[in-house]
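There are 2 protein chains.
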Amino acid sequence: NEKFRSLSAAEFFYRNKEIAGFSNPVRAVYQTVRELVENALDATDSHGILPVIKVVIESDVIPERPDVYLISVEDNGIGIPPDNIPQAFAQLLYSSKYTIRQTRGMFGLGAKVAVLYGQLTTGKPVEVVSSTINSSRIYLFRLSIDVKENKPVVLHRTSFKKESGWHGTMVKLFIEGDWNRAKPKVYEYLKRTAIIAPYASIIFKDPSNNVVYFERSTTLMPRPPREVKPHPQGVDIESLKMLVQLTSTKSLKDFLIEEFQGIGESTSTTIINMVKIDSNRDPKSLSNEEIELLAKTLKEYNGFKPPRGDHLSYLGEEIIKAGLKSVLKPEFVAAKTRRPSVYEGHSFIVEAGVAYGGAIPLSEEPILLRFANKIPLLYDESSDVTWKIVEPKSGSIKWDAYEVKWPAPLVILVHICSTKVPYKGVGKESIADVPEIEKEIENCVRDAARELKAYIIKKRKEVEEAEK
Amino acid sequence: NEKFRSLSAAEFFYRNKEIAGFSNPVRAVYQTVRELVENALDATDSHGILPVIKVVIESDVIPERPDVYLISVEDNGIGIPPDNIPQAFAQLLYSSKYTIRQTRGMFGLGAKVAVLYGQLTTGKPVEVVSSTINSSRIYLFRLSIDVKENKPVVLHRTSFKKESGWHGTMVKLFIEGDWNRAKPKVYEYLKRTAIIAPYASIIFKDPSNNVVYFERSTTLMPRPPREVKPHPQGVDIESLKMLVQLTSTKSLKDFLIEEFQGIGESTSTTIINMVKIDSNRDPKSLSNEEIELLAKTLKEYNGFKPPRGDHLSYLGEEIIKAGLKSVLKPEFVAAKTRRPSVYEGHSFIVEAGVAYGGAIPLSEEPILLRFANKIPLLYDESSDVTWKIVEPKSGSIKWDAYEVKWPAPLVILVHICSTKVPYKGVGKESIADVPEIEKEIENCVRDAARELKAYIIKKRKEVEEAEK
Ligand SMILES: Nc1ncnc2c1ncn2[C@@H]1O[C@H](COP(=O)(O)OP(=O)(O)OP(=O)(O)O)[C@@H](O)[C@H]1O
Ligand SMILES: Nc1ncnc2c1ncn2[C@@H]1O[C@H](COP(=O)(O)OP(=O)(O)OP(=O)(O)O)[C@@H](O)[C@H]1O
Ligand SMILES: [Mg+2]
Ligand SMILES: [Mg+2]
Chain R
1 NEKFRSLSAA EFFYRNKEIA GFSNPVRAVY QTVRELVENA LDATDSHGIL
51 PVIKVVIESD VIPERPDVYL ISVEDNGIGI PPDNIPQAFA QLLYSSKYTI
101 RQTRGMFGLG AKVAVLYGQL TTGKPVEVVS STINSSRIYL FRLSIDVKEN
151 KPVVLHRTSF KKESGWHGTM VKLFIEGDWN RAKPKVYEYL KRTAIIAPYA
201 SIIFKDPSNN VVYFERSTTL MPRPPREVKP HPQGVDIESL KMLVQLTSTK
251 SLKDFLIEEF QGIGESTSTT IINMVKIDSN RDPKSLSNEE IELLAKTLKE
301 YNGFKPPRGD HLSYLGEEII KAGLKSVLKP EFVAAKTRRP SVYEGHSFIV
351 EAGVAYGGAI PLSEEPILLR FANKIPLLYD ESSDVTWKIV EPKSGSIKWD
401 AYEVKWPAPL VILVHICSTK VPYKGVGKES IADVPEIEKE IENCVRDAAR
451 ELKAYIIKKR KEVEEAEK
Chain A
1001 NEKFRSLSAA EFFYRNKEIA GFSNPVRAVY QTVRELVENA LDATDSHGIL
1051 PVIKVVIESD VIPERPDVYL ISVEDNGIGI PPDNIPQAFA QLLYSSKYTI
1101 RQTRGMFGLG AKVAVLYGQL TTGKPVEVVS STINSSRIYL FRLSIDVKEN
1151 KPVVLHRTSF KKESGWHGTM VKLFIEGDWN RAKPKVYEYL KRTAIIAPYA
1201 SIIFKDPSNN VVYFERSTTL MPRPPREVKP HPQGVDIESL KMLVQLTSTK
1251 SLKDFLIEEF QGIGESTSTT IINMVKIDSN RDPKSLSNEE IELLAKTLKE
1301 YNGFKPPRGD HLSYLGEEII KAGLKSVLKP EFVAAKTRRP SVYEGHSFIV
1351 EAGVAYGGAI PLSEEPILLR FANKIPLLYD ESSDVTWKIV EPKSGSIKWD
1401 AYEVKWPAPL VILVHICSTK VPYKGVGKES IADVPEIEKE IENCVRDAAR
1451 ELKAYIIKKR KEVEEAEK
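Structure representation (C-alpha cells):
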C-alpha cells in the first residue's frame, strides 16, 4: 500500500541539496561563500551604501575534522531587525526580496540552505550578529533549523547596547568542504564580483591565512534599483487573481491604472472596452471567466507603453569597457546596453561587451563571462542560454560573418538585469531558455560583434596598406 | 523598510516555474507529457503490472486559443485512493515516493507543477479519474491549486460503480504550449522509453491525429524494486536524528541493527564500542553530541557489508545490448552492469553500453543516451556529469587510448539506478557531480570501452591480414 505524505520546504531541500547547488564538498564551499556575499551586497548597494565586505574561511576549527571549515561573512549593510533574524536564517522560503525589484536574492533559500548544509554535515548552529541603521542595540543569535517543521530553533539570543555607529550583519557557519579544490572557483568569483561591482571593497582571508584586498576602484555607485508594479504584458491568470485579491482599488478602471506600470486613463478605458466589463465594477466582484478574459486581453494588447528600465540597475557601456580593459588588457573593446524589454510582466535589460586581442590568449571557443543582476555565474556554462547563442560550432552566431576565425582571442561579457532573472536552478548558475531573453542576448552580442567586425576589417586594411 | 514574508511551496514554484522545467511553451509540452508518463510507469512496472499507457495531445480545444492543448494520459496502474487524489494533484511536496525505493518520481512535484502551469496559462482545472485494484468504485475529480495556501480546491467530485475490472488512472489537463517545436522531443522521449522499458505498451495520438503504437517487445518484466532501510555509510547527522525520533527500538544495539541495512549483531557491537555508549541506552535518550559522534563513526567505519543492489531494478547487459542492436543496427555492441555502490546512504548501480559502426553515422562527438531510474534524459546534456566524462575534448576518457578516432560512429548508453538519483534540477534532466557516482560512471564506460578497443584492434588486424 502506497504511503502518502507531505514534506516541509526544509525537508525537501534537506533531501535534495543538489537542487540548491550543494552537490559535493567542493561546490559547498563555493555556494556558501557566494550566497552570503550576495546577501551582503544586496544589503549594501541596493540601499546606496558603499559595500565593505569581509570574508574569512578558517580550517582546523573542529578537532578530528580536517574537512570542516568556519566561514564568516560580515557587511556594513542595512542589518536585519531581531524579529526577522530567526526566520531569515532558519526558515526556508522566507525573504525580504519577494518584491518586484532588481535584487541578487529572489528565492528566500540561499542563506538557509547553507545553514542546513552546515547543520547536516557538522551539527553546528549558525551564528548571526546584526544591527539595523537606527537601532541602539546589536543582536546575536545562534540558530538551527527544525527540518521537519521548517521553523527556526533559537538556541541562544542576546543583545548589547551599540556604542558605535556600526550597522550591518555578520554570519558565521561551519560546513564540511574541500577548500583545495574550491579555491580557484572562490577566487574567480571574488575577482569577477570586483569587475561587476567596482565600488565594493572585499577583504578575503583564506585557510592558509592569505589576505587579499579587492579594493574598490570607484566610489561611484549606480542608482539603487527601485520596486515597481508589474507590467501588464504577459501577466498570467494566477497573478491577476492575486492582484485582484490584494488590491484596495474599488473600480476596474482604477485597478488597471493603479496596479500596473504602463497603463494610464486612456489605455485603461481601451482595455475595458475590449473586455466589455463595466469600468465601475469592483475588481473583487470579477468572476473567474472575466479574469481569464482580462488576462488574455492584457497579454494580446500591444498598445502599452513599453516597459521602463529606470528601476533597473545596469552597468552601462563605459563601465563594461573600463572593466574589460583593466582586467584583460585587450587590443579592442566594445560594449552595448540594450533598451529595456519585457517577459512575463518583468522588465529586463541585456548588456554585452566584447574584448579582442592584446593579452587575451587564442582559444577554439570564446571566453564567456556571464553575469545576472551583478552576480558572476561560474558553473553550468554549457547549459546556459547565452552559451547556446555564442558557442562556435552550432551557436546562433556564425562568427566568421563577423571576421572572427578560430582559434581567436575573444572574450564576451553578458549581463542580464531584471526584476526576475529566470535561472534554471536554485543554485543560480545558468539562465533558462526564455524566448524573449534569448532574442535580446543574441541581438546584444551581435551589436557588439558588429563593432568588432569593423575593427578587424579596418586592422586588416591597415596591414595590407602597410605591406604595399 | 524591508518587507519580510514567507511563501508556500506552491507560490515558490508558481513564481519560479523554470526551476521545475517549465521555462517556455515548447518545454512545457514535453515536461507535461513526461511527468504524467513517468507517474503512469511508476504505477505499473514498480508493482509488477505490464504497462499499457495511452497518451493523447489534442489541439483546437479552446476557441480563440490555438496555443492551448489538451493532454491526457491514461494507465492500467494501481490507481490512487480517493482520499489522496486531491493532494496528489493539487498540493506541492506531496507524494507516495518519499521512501527508500527506486522509483522514477521522487520530489512530490511533477504532476502538481504541470497542473499549476496549466492553471496559470489557461485557468482550467485538472481532471483525474482513478480506481484502485480492489475498489468497487471509480472516482472523478476536478481540481485546482490554491497557490497561496498550497492546498487543493475540489471543484467537482463524483464516483460511479465499477462494472469492469478496470484499475488505473487518467489525467487530463489543458496547457499553453508549442506542439510543433515540442514534437521531435516528445517522440524522442517515447522512443527512448521504449528502449529502456521494452515491456511497456504506449499508444500516442498527436494533434495531427497521427497514432503511433509503441508495442511492447517482451512480456518479461524486471523484478519490481523494493523498499529498503538506509545504508549506514554516509548517513548524516540530520537523518540520524530523524531515525532516532521515529524508531520504535529501545536499545542502541537494536536501533543500529533494525534501522539500517548491512548492520548485524557483531557490527552493531563494534560500532557501540567505538562510540563508547552503553548498548542498552534508549536511542531517544542520546544527546546531540552523542548523535554527532555516532554519525561521524558510521561515516568513517569501513567494515560494513557492502550495499546490496537486489532492491534495485536494473536492465542488465543482455537487455542493453539487445536494445542498442535493434534500434541502432551497429557493427559492435558491448555492455556492462557494475556492482552496487553507495553514496550518502543510497545504493546505486551504473550500467553502460557502447555501440559502434554499422548504421551509426560518423560524428565529432559520441552520441550519448542517458537514463536514470529508467527515465530518458533529453535536455541539459552538457551539464550532466556523464557528458563531463565522455566528451572528446576535455572529458576524463581519452578516446584514442581506446582506439577511437574522431569523427567516429559511437553511441554510448549510460543508465543509473538508485533509491535517490541526484538530479541537478527538479526538471530531472541532468545528473549532479556527486563524486561516488562520477567515479562509477567513468569506470563503467571504461569497462565497455575496453571491449570496444579489443574489437577495433581485432578488426584492424583482420583487415591488415586480408591486405597481405
Ligand atoms: N547580510 C545580510 N544583510 C541584511 N539582510 C540579510 C543578510 N543576509 C540575509 N538577509 C535577509 O535574510 C533574507 C533571507 O536571505 P536568503 O539568502 O535566504 O534569501 P534571499 O537572499 O532573499 O533569496 P535567495 O535564496 O535568492 O538568496 C533576505 O531576504 C534578507 O532580507
Ligand atoms: N498515474 C498515477 N497512478 C498512480 N499514482 C499516481 C499517478 N500519478 C500520480 N500518482 C500519485 O501522486 C503522487 C504525486 O505525483 P507527482 O508526480 O506530483 O510526484 P511524484 O511522482 O511522487 O514525484 P516527482 O515530482 O519526482 O514526479 C505520486 O507520488 C503518486 O502517489
Ligand atoms: Mg540570498
Ligand atoms: Mg511524478
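Read top to bottom, the protein sequences are chains R and A.
Counting in the working numbering, the first sequence runs from 1 upward without gaps.
Counting in the working numbering, the second sequence runs from 1001 upward without gaps.
In this text, a Cβ means the ideal position worked out from N, Cα and C, and glycines have one as well.
| Check | Outcome |
| --- | --- |
| beta-carbon residue 1024/A near ligand 4 non-hydrogen atom, thresh 6 Å | no |
| Residue-chain proximity (residue 174/R, chain A), Cβ-Cβ < 7 Å | no |
| Beta-carbon separation (whole angstroms), residue 1131/A vs residue 1167/A, contact threshold 8 Å | 5 Å |
| Cβ-Cβ separation, residue 1190/A to residue 1204/A (assumed contact under 8 Å), whole Å | 6 Å |
| Near ligand 4: residue 1039/A beta-carbon under 6 Å from a heavy atom | yes |
| For residue 1371/A, the nearest candidate out of 1417/A, 1465/A, 1162/A (CA to CA) | 1417/A |
| Residues near residue 223/R in its chain [Cβ-Cβ closer than 7 Å; skip 5 each side] | 313 |
| Proximity test, residue 1274/A beta-carbon vs ligand 2 heavy atom, cut-off 6 Å | no |
| is_contact[residue 402/R, chain A] using C-beta, thresh 7 Å | no |
| Near-chain R residues of the segment 1139-1153 of chain A (beta-carbon distance less than 7 Å), N- to C-terminal order | 1147 |
| Neighbourhood of residue 192/R by C-beta, 6 Å cutoff - its chain only, sequence neighbours within 5 removed | 376 |
| Residue 1169/A beta carbon near ligand 2 (any heavy atom closer than 6 Å) | yes |
| Beta-carbon separation (whole angstroms), residue 409/R vs residue 360/R, contact threshold 8 Å | 4 Å |
| Of the listed residues 1463/A, 1453/A, 1424/A, nearest to residue 1019/A (C-alpha basis) | 1424/A |
| Inter-stretch contact at 8 Å, needing at least 3 Cβ pairs: the segment 1135-1153 of chain A / the segment 1045-1052 of chain A | no |
| Whole-angstrom distance between residue 327/R and residue 6/R, CA atom to CA atom | 50 Å |
| Chain-ordered residues of the segment 1232-1245 of chain A with a beta carbon less than 9 Å from chain R | 1236, 1237, 1238, 1239, 1241, 1242, 1245 |
| Proximity winner among 454/R, 36/R, 55/R, 274/R, relative to residue 115/R (alpha-carbon distances) | 36/R |
| Contact test: residue 77/R Cβ vs ligand 1 heavy atom, cutoff 6 Å | yes |
| Alpha carbon of residue 941/A to alpha carbon of residue 1123/A, nearest angstrom | Here chain A has residues from 1001 to 1468 only, and residue 941/A is not among them. |
| Contacts of residue 1096/A in chain R (Cβ-Cβ under 7 Å) | 2, 3, 4 |
| Chain A residues whose Cβ lies nearer than 7 Å to that of residue 121/R | 1236 |
| Closest residue to residue 1041/A among 1159/A, 1188/A, 1194/A (Cα-Cα distance) | 1194/A |
| Minimum Cβ-Cβ distance from residue 332/R to chain A less than 7 Å | no |
| 7 Å Cβ cutoff met for residue 354/R and residue 334/R | yes |
| Interface residues of chain R facing residue 1425/A [CB-CB closer than 7 Å] | 19, 424, 425 |
| Given 8 Å, three or more beta-carbon pairs between the segment 1424-1436 of chain A and the segment 1376-1387 of chain A | yes |
| Check whether residue 1105/A and residue 1169/A have beta carbons under 7 Å apart | no |
| For residue 356/R, the residue or residues it bridges with in DSSP | 332/R, 410/R |
| Residues bridged to residue 187/R (per DSSP) | Answer is none; residue 187/R lacks a bridge partner. |
| Contact check, residue 153/R vs residue 146/R, beta carbons under 7 Å | yes |
| Residues that residue 1380/A contacts on chain B, provided the C-beta gap is smaller than 7 Å | Absent from the structure is chain B; the protein chains it does hold are R and A. |
| 7 Å Cβ cut-off: residues of chain R touching residue 1099/A | 3 |
| Closer than 7 Å to chain A by CB, residue 435/R | yes |
| Below-7 Å beta-carbon distance, residue 260/R vs any chain A residue | no |
| Chain-order list of residues whose beta-carbon lies under 8 Å from that of residue 227/R (same chain, five-residue window excluded) | 99, 100, 101, 311 |
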